[in-house]
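Chains as they are written, first to last, in my numbering: chain A, 104 to 499; chain B, 104 to 499. Glycine included, every Cβ here is placed at the ideal spot set by N, Cα and C. For reference, the structure is listed below as structure tokens.
Structure below.
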């Protein structure tokens, strides 16, 4: 049984969706069946009779019912910007000769963890790298990321994430070897599928040949393997704009999340980055704000047990607009070692970074403002009024 | 000032050697000048009037005067057998599709360290890997090796070695970041030049194209960079048989060692592996035993302050024959994770190993026999009668 082989089927979902003639936005039921949930999401997303405003309200209500006022917080640390991928849209792509390549020493990892823990009061952190083609580089990257995850856990971080490309069991074994069995529930694997349409995926990710990432099935199977290894936290995602049929992405994300929850998953995150039409163009996106908001509302409504994510790729204004629908907020910079230059603002230098961010406030500023001005609590962030009790400065 | 640019010059050494008309085998003087020492070594090696027996006796005497009855011991741990090199003679070469590739998890590293420390009573250990072409793989390998060196030092090993291909300052920085400044004198870099003849080097190491290893200068410069980084322990070497003019290798090794000792080096090891005429052929060598013994005796005589190494590539009989000339004995297996399969014998499986070993006794057996039957003490090995005092079983 695997998601790719046994579940993913957009034609089937479209047929099921065509049979749905009524959506009850006041429902409190959770649909567990991946096909039925995907069809419901597709039907909602495409139904012009359901306004985005009504959908937002319904999504908020359901999100609150399942996840209360909690929003999970974490901050990304880019360990390197080397990558063997050839994905057209990405600043880290192998053939981007204008990107200055960087690699973290162990001290850089420790200093960033210390800064995020002590100065930013974070207890959730993600490690990001490129994806590599040959067996040695894939193994070596897994080793380094396993090391970093273990350092973060030893440092006192409660939840750790990694976003390092697809992972096969042999590489997961290397990572798992760094993680004590009792800590496995604290480790999330982020493998964004980019698009659930295999044809478009292949066209987009394999521009020039032999990138490992060009294999759609290897990528999607990573989540099945992660479950089988005894891990329970997954981030899935779509790079919105690769597939013009956004409904197919909504259906794919929902089917995938519901499938994972039906196996061993305890938490599924939805990552929804948006494609820029061309590198270097500022804030234009192929999927507009209103469409993104509708995707988010649909996901929050159909899968309120999961967590829709937003990052500082998006503006502060858009973050605020969808805050009640979010299960996770992850402010950060894609610069390697980026938190150590300026304690007041995150850097945003496209000579070294994967993409441009729209919001350069420090994570602490973002989270303190959310907690001060809204009803939401940030999980894995030590709130201002809890710092006295929990100890303002960790002892390392 | 660098060895490659300012010292290495076989033509000059040959001219100087031609002017030497008398060798005094009873001398107690150490020649420090690299050119003069190399010319002396070349003159001795090629002089048919000096018998190998007389040279052995003189070498023994001088070795004993400078290094006493001490022989440094260490054991190699292969972390992986992945390699991007294309060196014809090597089982790990990239295009050897019949080699099963392996990669160590952190547990495997720890288990081998524990076994070598507790069961084999070793206090010296070397980490070996392949060499990689692209910046990420080179950086990642440096990170993993730095991690392993640090684990070994933390475990209680007194001297640690690495043999991971040439190293440039950016990769040394990653390794150095794992090593406390006060521990730097305990870390040796092993970069065997294979041959000091650049033309032959290039022909041999770059069979099929773009291996990083094909760059002769990058390789030789590694030692200059290592000194500049504040490290003081170097292993240099020749793969005997690549260059038919063995005298050129003797001259190159001596010039290199004397040059390094004139900068900041405290210890220089000579590694002298021998090329087999073809892969898979058993024990035939291009350089015969008598020639190897003469090389060893010449090096011991001209550079008794340095340490000629021998490994279990060579038979027990040959080890015994040259023991009084050796500064270092390093028994071990080139199998990844090889010490954990059988506590009685080292494995020797060419499906996974870089080369075949001639002596499969465990390191402890080798060293105990040396200490029981000869006048030599093995450094970085806890002798049988010292175990009670030093604690038989380490507490980890």
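Alpha carbon of residue i to alpha carbon of residue j, nearest angstrom
i                     : j                     : result
residue 404 (chain B) : residue 129 (chain B) : 10 angstroms
residue 478 (chain A) : residue 353 (chain A) : 28 angstroms
residue 114 (chain B) : residue 396 (chain B) : 25 angstroms
residue 336 (chain B) : residue 296 (chain B) : 16 angstroms
residue 122 (chain B) : residue 348 (chain B) : 20 angstroms
residue 459 (chain A) : residue 258 (chain B) : 44 angstroms
residue 485 (chain B) : residue 371 (chain B) : 23 angstroms
residue 110 (chain B) : residue 442 (chain B) : 41 angstroms
residue 490 (chain A) : residue 225 (chain A) : 11 angstroms
residue 169 (chain B) : residue 430 (chain B) : 10 angstroms
residue 318 (chain A) : residue 391 (chain B) : 51 angstroms
residue 346 (chain A) : residue 165 (chain A) : 28 angstroms
residue 330 (chain B) : residue 105 (chain B) : 11 angstroms
residue 220 (chain B) : residue 315 (chain A) : 40 angstroms
residue 172 (chain A) : residue 252 (chain B) : 47 angstroms
residue 150 (chain B) : residue 394 (chain B) : 13 angstroms
residue 116 (chain B) : residue 326 (chain B) : 21 angstroms
residue 440 (chain B) : residue 366 (chain B) : 37 angstroms
residue 136 (chain A) : residue 362 (chain A) : 7 angstroms
residue 215 (chain A) : residue 286 (chain B) : 25 angstroms
residue 206 (chain A) : residue 424 (chain B) : 48 angstroms
residue 374 (chain B) : residue 167 (chain B) : 19 angstroms
residue 132 (chain B) : residue 480 (chain B) : 25 angstroms
residue 208 (chain A) : residue 434 (chain A) : 23 angstroms
residue 447 (chain B) : residue 293 (chain B) : 28 angstroms
residue 298 (chain A) : residue 412 (chain A) : 17 angstroms
residue 422 (chain A) : residue 468 (chain A) : 14 angstroms
residue 463 (chain B) : residue 160 (chain B) : 29 angstroms
Beta-carbon contacts of residue i that lie in its chain and below 6 angstroms, excluding the five residues immediately before and after
i                     : result
residue 227 (chain A) : 176, 177, 262 and 483
residue 120 (chain B) : 142, 145 and 146
residue 308 (chain B) : 190, 316 and 317
residue 237 (chain A) : none
residue 269 (chain A) : 294, 321, 322 and 325
Residue-chain proximity (residue i, chain D), Cβ-Cβ < 7 angstroms
i                     : result
residue 230 (chain A) : Chain labels in this structure do not include chain D; the protein chains are A and B.
Sheet register partners of residue i (DSSP bridge)
i                     : result
residue 359 (chain A) : In the DSSP output, where bridge partners are listed per residue, residue 359 (chain A) has none listed.
residue 338 (chain B) : B:293 and B:372
residue 181 (chain A) : A:231 and A:439
residue 431 (chain A) : A:175 and A:412
residue 206 (chain B) : B:183
residue 264 (chain B) : B:229 and B:291
residue 579 (chain A) : Because chain A spans 104 through 499 in this model, residue 579 (chain A) falls outside it and cannot be assessed.
residue 448 (chain B) : B:464
Under 7 angstroms between C-beta atoms of residue i and residue j
i                     : j                     : result
residue 461 (chain B) : residue 414 (chain B) : no
residue 300 (chain A) : residue 351 (chain A) : yes
residue 376 (chain B) : residue 416 (chain B) : yes
residue 230 (chain A) : residue 275 (chain A) : no
residue 174 (chain B) : residue 428 (chain B) : no
residue 243 (chain B) : residue 368 (chain A) : no
residue 245 (chain B) : residue 282 (chain B) : no
residue 450 (chain B) : residue 444 (chain B) : yes
Cβ-heavy atom distance, residue i to the ligand SAH, below 6 angstroms
i                     : result
residue 371 (chain A) : Here there are no bound small molecules, and the ligand SAH is not part of this structure.
Own chain residues within Cβ distance below 8 angstroms of residue i, not counting five before or after
i                     : result
residue 147 (chain B) : 126, 153, 158, 401, 404 and 405
residue 378 (chain B) : 192, 342, 343, 344, 345, 388, 389 and 390
residue 280 (chain A) : 249
residue 272 (chain A) : 328, 331 and 332
residue 195 (chain B) : 184, 185, 186, 188, 202, 233 and 457
residue 452 (chain B) : 438
Cβ-based neighbour list, residue i, same chain, cut-off 7 angstroms, excluding 5 preceding and 5 following
i                     : result
residue 289 (chain A) : 256, 261, 262 and 263
residue 107 (chain A) : 320, 323 and 324
residue 139 (chain A) : 119
residue 204 (chain B) : 184 and 185
residue 471 (chain B) : 487
residue 303 (chain B) : 345 and 346
residue 359 (chain B) : 106 and 339
residue 163 (chain A) : 427 and 428
### Query
Residue ranges of each alpha helix (DSSP H) run of no fewer than 4 residues wholly in the region 459-488 of chain A, ordered along the chain?
466-476
### Query
Mind pulling the alpha helix (DSSP H) runs of 4 or more residues that sit fully within the region 115-164 of chain A?
137-149
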